[in-house]
Amino acid sequence: MFEFKTEEEKEILADYNNVVRDMTDLKNLVDQMSSTIATQEQMIDTRDQLLDEVYLKLESAETELIIRRKNDEFRQKLTVVK
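Heads up: the sequence shown begins at 45 in the numbering used here, then just goes up one per residue.
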């Protein structure tokens, strides 16, 4: 493809080709890592959403238990008063 005058020029081009190949490999690795990071961010967001839902359900259950206890206490007081 190219005509080189010296062996040194051939070696320089070979080194250049190796650098380009290495840079391409690094670019591919960075692309994979970016994809992985985006996936991990999405997983963390999903986990946070699930934890929020669980927290709300627990809070709702706790509120319901408090209301039931208050109702039971009120019923006991009514029974004593009768």
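The beta carbon of each residue, even a glycine, is placed where N, CA and C say it ideally should be. Nothing here was measured: the structure is a model prediction, and the numbers come from that model.
Asked	Found
According to DSSP, is threonine 50 helix, strand or coil?	coil
Rounding to the nearest angstrom, what Cα-Cα distance links arginine 113 and valine 125 in this structure?	18 angstroms
Measuring straight from C-alpha to C-alpha, what distance separates phenylalanine 118 and isoleucine 88?	44 angstroms
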